[in-house]
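K.L.:
149 is the number that this note's numbering gives to position 146 of the sequence shown; each next residue is one higher, with no gaps.
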Amino acid sequence: MDEKRLEILERAGSVYMRLGIKSVTMDDLARELGISKKTIYKYFDDKSDLVHSIVEMKMQMDQALCMNCINQSGNAIDDLIQVSKLVAEHIGNVNPTVFHDVKKYHSDAWQLMESHRWGFVLNMIVSNIEKGKEENLYRNDLNAEVIGRLYVSSIDTLFNPDIFPWPKFTFQEVYSELIRFHIKGLVNDNGLEYLRQKIYNGEF
Numbered sequence: 004m005d006e007k008r009l010e011i012l013e014r015a016g017s018v019y020m021r022l023g024i025k026s027v028t029m030d031d032l033a034r035e036l037g038i039s040k041k042t043i044y045k046y047f048d049d050k051s052d053l054v055h056s057i058v059e060m061k062m063q064m065d066q067a068l069c070m071n072c073i074n075q076s077g078n079a080i081d082d083l084i085q086v087s088k089l090v091a092e093h094i095g096n097v098n099p100t101v102f103h104d105v106k107k108y109h110s111d112a113w114q115l116m117e118s119h120r121w122g123f124v125l126n127m128i129v130s131n132i133e134k135g136k137e138e139n140l141y142r143n144d145l146n147a148e149v150i151g152r153l154y155v156s157s158i159d160t161l162f163n164p165d166i167f168p169w170p171k172f173t174f175q176e177v178y179s180e181l182i183r184f185h186i187k188g189l190v191n192d193n194g195l196e197y198l199r200q201k202i203y204n205g206e207f
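1) If you compare alpha carbons, which of Ile94, Ser56 and Leu89 is closest to Phe207?
2) State yes or no: is the C-beta of His209 within less than 8 Å of the C-beta of Ser51?
3) Buried or exposed for Asp82, going by 16 or more other Cβ atoms inside 10 Å?
4) For Val86, does the three-state DSSP call read helix, strand or coil?
5) With a cut-off of 8 Å on the beta carbons, I'd call Ile43 and Met29 a contact; round off their distance for me.
6) Have a look at Leu9, Cys69, Glu196 and Pro164 and flag the residue whose alpha-carbon is nearest the alpha-carbon of Arg120.
7) Which full runs of the alpha helix (DSSP H) of 4+ residues lie inside the segment 144 to 194, going along the chain?
8) Taking just the CA atoms, how far does Phe172 sit from Asp192?
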């Protein structure tokens, strides 16, 4: 990827995450980045193309980071805890209007996010459940596919301002409760004992 294009993607992504998308015009963005609009349009057709490219880049980065967490972790509980910390860190600084803006005004980018959730995230959760069952940390009676779909569906709720209005509820706060609820519903007695040890050690 062209170095300048990558720089614009990274810096524009940071601006949108901080300020939202709809409220930031291309003039505003050029000012924030300290470059001309002409430079932005050299690499991107329009705002929708830029947003789509940012989302695509972030999805690829998130997938790589999640897989890196899993490869460096230990058992299924460790995997889930490490990935949840990564997710909480990433969504903690996101302007709450971003997801609404993408869904309403940038449908192609939203489809990318949906494909990421219902593809990569779903497969990751299903694989984690199967791994936990094999390690005798999760209950044997779990239906991994059903639970995976319930988990992914719950992410929609997380970003629904009618259910969790901001700033009364923050993304990090709601997601932390979701992941605790999720893990505690998965573990058997062995897993619960291991989880308690992680909590006692301040690792979760």
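Glycine is no exception: its CB is placed at the ideal position from the N, C-alpha and C atoms.
P.N.:
By the coordinates alone:
1) Start at 1 with the first residue of the sequence shown, and residue 207 comes out as number 204. For Phe207, the closest alpha carbon among the candidates Ile94, Ser56 and Leu89 is that of Leu89.
2) Any question about residue 209 goes unanswered here, given that the chain covers just 4 to 207.
3) Indexing the sequence shown from 1 puts residue 82 at position 79. Buried is the call here.
4) Mapped onto the sequence shown, residue 86 falls at position 83. Here Val86 sits in helix by DSSP.
5) Mapped onto the sequence shown, residue 43 falls at position 40. Mapped onto the sequence shown, residue 29 falls at position 26. Here Ile43 really is in contact with Met29; their C-beta atoms are around 6 Å apart, less than 8 Å.
6) In the sequence shown, residue 120 corresponds to position 117, counting from 1. Of the candidates Leu9, Cys69, Glu196 and Pro164, the one whose C-alpha sits nearest the C-alpha of Arg120 is Cys69.
7) The alpha helix (DSSP H) runs lying completely inside the segment 144 to 194 and spanning 4 residues or more are 147 to 161 and 174 to 189, given in chain order.
8) Translated into the one-based positions of the sequence shown, residue 192 becomes position 189. Translated into the one-based positions of the sequence shown, residue 172 becomes position 169. Asp192 and Phe172 have their C-alpha atoms roughly 32 Å apart.
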